[in-house]
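Peer 1: Chains as they are written, first to last, in numbering that gives the first Met the number 0: chain A, 0 to 329; chain B, 0 to 329.
Number of protein chains: 2
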Amino acid sequence: MELTDVFKEKRTLITGGMGFIGSNLAHRLVSLGARVSIVDSGDSSMGANPFNLADILNQVDLKVADLRDDQVIERMIAGQEYLFNLAGQASHAGSMEDPLADLEINARCQLSIVEACRKHNPGIKIIYAGTRQSYGQVRQLPIDESHPIDPVDYNGISKRTGELYHLVAHRIFGLNACSLRMTNVYGPRMRCRDGHLNFIGLWIRRIIEGKPIPVYGQGTQIRDPNFVDDVIEAMLLAAASPISNGQVYNLGGLEAVRLIDLADRMIETAGGGSRVLKPFPEARRRIDIGDYQANFSKIQRQLGWQPRVALTEGLSRTIDFFRQNQEHYW
Amino acid sequence: MELTDVFKEKRTLITGGMGFIGSNLAHRLVSLGARVSIVDSGDSSMGANPFNLADILNQVDLKVADLRDDQVIERMIAGQEYLFNLAGQASHAGSMEDPLADLEINARCQLSIVEACRKHNPGIKIIYAGTRQSYGQVRQLPIDESHPIDPVDYNGISKRTGELYHLVAHRIFGLNACSLRMTNVYGPRMRCRDGHLNFIGLWIRRIIEGKPIPVYGQGTQIRDPNFVDDVIEAMLLAAASPISNGQVYNLGGLEAVRLIDLADRMIETAGGGSRVLKPFPEARRRIDIGDYQANFSKIQRQLGWQPRVALTEGLSRTIDFFRQNQEHYW
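(1) Kindly say whether A:I148, judged by its beta-carbon, lies nearer than 7 Å to any beta-carbon of chain B.
(2) If you draw a straight line from the C-alpha of B:G216 to the C-alpha of B:D287, how long is it?
(3) Our contact map puts A:I104 next to A:Q88 with C-beta atoms below 8 Å; I'd like the distance itself, whole angstroms only.
(4) Find the residues of chain A that neighbour B:A92, judging by a C-beta separation of less than 8 Å, and give them in chain order.
(5) Beta carbon of B:P187, beta carbon of B:T317: below 7 Å?
(6) Reducing DSSP to helix, strand and coil, say where B:D229 ends up.
(7) How is B:V38 classed by DSSP in three states: helix, strand or coil?
(8) In chain order, what residues of the same chain lie with their CB nearer than 6 Å to the CB of A:K332, ignoring the 5 residues before and after it?
(9) Who does A:I123 pair with in a DSSP beta bridge?
(10) Could you check the C-alpha separation between A:N294 and A:V308 for me, to the nearest Å?
(11) Can a CB atom of chain B be found closer than 7 Å to the CB of A:L110?
(12) Would you call A:A86 buried or exposed, if buried means 16 or more other Cβ atoms sit within 10 Å of its Cβ?
(13) DSSP has A:V214 in a bridge; who is on the other side?
(14) Can you pull the chain B neighbours of A:Y127, defined as C-beta to C-beta under 9 Å?
(15) Assign A:S22 to one of three DSSP states: helix, strand, or coil.
(16) Go ahead and pull the three-state DSSP assignment for A:F6.
(17) Under 7 Å, CB to CB, which of the residues in the region 265-293 of chain B have a partner in chain A?
(18) Compile a chain-ordered list of the residues in the region 135-169 of chain A whose CB is closer than 7 Å to at least one CB of chain B.
(19) With a cut-off of 7 Å, does the C-beta of A:I76 fall near any C-beta of chain B?
(20) Check this for me: beta carbons of A:A33 and A:F50, under 7 Å apart or not?
(21) Taking Cβ-Cβ distances shorter than 9 Å, what residues in chain B pair up with A:P121?
(22) Check whether the Cβ of B:R187 lies closer than 7 Å to any Cβ atom in chain A.
(23) Using 7 Å as the limit for Cβ to Cβ distance, is B:L102 near chain A?
(24) As an exercise, report each continuous alpha helix (DSSP H) stretch of at least 4 residues that is fully enclosed by the region 90-173 of chain A, in chain order.
(25) Quick one: list the residues of chain A neighbouring B:E114, beta-carbon separation under 7 Å, in chain order.
(26) Going by beta carbon distance, what residues of the same chain come within less than 7 Å of A:V230, once the five residues before and after it are set aside?
(27) Going along chain B in order, which residues have a C-beta closer than 8 Å to the C-beta of A:I171?
(28) In chain A, which residues lie with their C-beta within 8 Å of the C-beta of B:R107?
(29) What is the rounded straight-line gap between the Cα of A:R131 and the Cα of A:P121?
(30) Using a threshold of 7 Å, state whether the C-beta atoms of A:D101 and A:S157 are closer than that.
(31) Leaving out five residues before and five after A:L258 in sequence, what residues of the same chain have Cβ atoms less than 7 Å from its Cβ?
(32) Give me, in chain order, the residues of the same chain whose beta-carbon lies closer than 7 Å to that of B:E232; leave out the 5 immediate sequence neighbours on both sides.
(33) Can you look up B:V308 in the DSSP assignment and give me helix, strand or coil?
(34) Can you give the Cα-Cα distance for B:S43 and B:A176, rounded to whole angstroms?
(35) Alpha carbons only, please: which of B:M95, B:Q292 and B:L56 is nearest the one belonging to B:E281?
(36) Kindly confirm or deny that the region 186-205 of chain B and the region 140-158 of chain B touch, where touching means at least three C-beta pairs closer than 8 Å.
Take a look at the structure:
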């Protein structure tokens, strides 16, 4: 299957398309010849960055609007063939500070989207951006999709709720929806301003700025960073195949590393930098999930996906991007 | 442990206390010498019935208010020692008709309650009314608490979301909360007007009215009806013990029966009546969970609870109650 054949001229909608993953997806869909519409709140604290779309602004239809307005949703989904549903509140710490907003964005908006699709555009295919956070405290590694859902923070709850609305609407109404549970995604266009949405962007920024990388605790936690191009490939494969309908798939990176080794790898790749161990902030420690490594054999088996970009290669491309574009991300 | 010693003079709050389970609990708490406050929206479609509290109205502090107003919540929980958190939207079919209201009542309100408690009354003990509906399609019988959570309707999602907020707040903030996952609860003061919230009440009404009981499909579905007094005993035991903090417990009845046998048992107990097989309505069939029987050995082991009222005895007491009080329930 050639993805160009699948998406050429297709009407695709990306919610949250001004953010990190959404904007990378928009670039890829434009290059595949798709007709790309984007709706995004433009809220930088949620990850929106206008520069992410600057070079394709004439090739996409961008609407800045709040998806909490149900009319916006209905208008945007009309006539679309694919919905890449990436809008969301992704900050774990933020969900603890403003849990009601977290629930509204990640659950109520998602319910509105699902209901609007099944009523007004029942043939649309939806790819929902799920998260490994819903698993909560990890019981055994690597984690497959049958691992208990036992989130440790409010964000893990609201994201799971949004996912369940997609799955139940598939079961009851036959909605063509699936969820990809993502782990630490990294790459060009990610948020680097602070550690609010992810730590990798902040680390890269500090390396480029010549400041030490803060590593919490002893840095022994395991993570499996997933390069954004690989994540987008998974979204496109899931969109292209009816096999994915009603399914949940884990995504994961090629390599699982201790955070301290990830820091060292970054420093090595960047050709310089340093790291410093810091005590785990209490608010972070309480919602930490421990080690994480995805078992992604289900999507490998069913859709033929696997991560292809090695960690060092991905870090190198990410650091290069931000060295060239830092004024838009710091 | 004598429950009178535990609850005498204790300040207890029941949300949804005008409803079926809440009002039976209020009667029991009054008889144990507790100080009982109740907040209820008074919405009869959600199960509220003023007659449920008529005989103890002078012994409880009843406030009719909508818990969707956060100020109501904060005011009501101040100074309370126990919160029996029964307010909710319990209709499966209703959740499919108005899913946004279902989410707001069962998830957003619960989040507000949990947040208000952990901020303003962190020592309070909370008993949350969970539901077997969250398990969804049953994979093996009897179901214990480790069964996957895979709801088949929107109500199963929202109730699970409300439950998760309690459990996560226990984990992160040490909130003394637990959840009891209830199966078909029946008994005096249940809603009999229609089959909107439960089918047992409707069946009893039709028997008393001399009309045939409608049994869907072949009536081979298995259910384990739980008499309301047993459910209340479980809530009190869970409230009384710190062992329950952060835990989820299944409740279940003494006997699991096919629905057709339940109908026959009712007819026999009532001394007359008839039943008629009806095709499963499509909207119901789609959200049906199949057979259900709880494994309640966890609460038996940890809190010493078990159902005590035999099905025939429970049905007999329920039918007697409604024969005497039908004008308030039809």
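Built from N, CA and C at the ideal position, the CB exists for glycine as well. These numbers were taken from a predicted model, which means no experiment stands behind them.
Peer 2: In short, the structure shows the following:
(1) Answer yes: the Cβ-Cβ gap between A:I148 and chain B drops below 7 Å somewhere.
(2) Here the alpha carbon of B:G216 sits roughly 12 Å from the alpha carbon of B:D287.
(3) Taking C-beta atoms under 8 Å as the contact rule, A:I104 and A:Q88 qualify, at a distance of about 4 Å.
(4) Listed along chain A is no residue with a C-beta nearer than 8 Å to that of B:A92; the closest approach is about 12 Å.
(5) Result yes, Cβ atoms of B:P187 and B:T317 sit closer than 7 Å.
(6) Secondary structure of B:D229 (DSSP, three-state): helix.
(7) Annotated three-state conformation of B:V38 is strand, per DSSP.
(8) This structure does not reach residue 332 of chain A, given that chain A is present from 0 up to 329, and the question cannot be answered.
(9) Residue pairing of A:I123 in beta bridges, as defined by DSSP: absent, with no partner found.
(10) Whole-angstrom Cα-Cα distance: 17 Å.
(11) Put simply, the CB of A:L110 is near chain B, with a gap under 7 Å to one of its CB atoms.
(12) By the neighbour-count rule (16 or more Cβ atoms within 10 Å), A:A86 is buried.
(13) The partner list for A:V214 (beta bridge, DSSP) reads A:L276.
(14) Within chain B, no residue comes near A:Y127; the closest Cβ sits about 14 Å away, beyond 9 Å.
(15) If DSSP states are grouped into helix, strand and coil, A:S22 belongs with the helices.
(16) Here DSSP, grouped into helix, strand and coil, assigns A:F6 to helix.
(17) The residues in question are R285 and I286.
(18) Cβ proximity to chain B below 7 Å picks out I148, P150, V151, D152, Y153, I156, T160, L163, Y164 and V167 from the region 135-169 of chain A.
(19) Not closer than 7 Å to any Cβ of chain B, the Cβ of A:I76 fails to qualify, so no.
(20) No, they are not a contact pair.
(21) By Cβ distance, chain B contributes nothing, its closest Cβ being about 15 Å from A:P121, past 9 Å.
(22) Reading the sequence as shown, one finds Pro at residue 187 of chain B and not Arg. Not a single C-beta of chain A is nearer than 7 Å to the C-beta of B:P187.
(23) Answer yes: the Cβ-Cβ gap between B:L102 and chain A drops below 7 Å somewhere.
(24) If only uninterrupted alpha helix (DSSP H) runs of at least 4 residues are considered, those enclosed by the region 90-173 of chain A are 91-96, 98-102, 108-119 and 153-172.
(25) Near B:E114 (Cβ distances below 7 Å), the residues of chain A are P98.
(26) For A:V230, where only same-chain residues beyond five positions count, the Cβ hits under 7 Å are I20, M181, V184 and L250.
(27) Close to A:I171, with beta-carbon spacing below 8 Å, are these residues of chain B in chain order: M95, V151, D152, R285 and I286.
(28) Neighbours of B:R107 on chain A, chain order: L99, L102, E103 and R107.
(29) Spanning the alpha carbons of A:R131 and A:P121 requires a straight line of approximately 28 Å.
(30) At the C-beta level, A:D101 and A:S157 come within 7 Å of one another.
(31) So the list reads V214, G218, Q220 and R222, once near-sequence residues are dropped.
(32) Taking C-beta separations shorter than 7 Å and ignoring five residues to either side along the sequence, the partners of B:E232 in its chain run W304, following chain order.
(33) Reduced to three states, the DSSP call for B:V308 is coil.
(34) In this structure, the alpha-carbon of B:S43 lies about 28 Å from that of B:A176.
(35) Out of B:M95, B:Q292 and B:L56, B:M95 has the C-alpha closest to the C-alpha of B:E281.
(36) With the cut-off at 8 Å, the region 186-205 of chain B and the region 140-158 of chain B do not touch.
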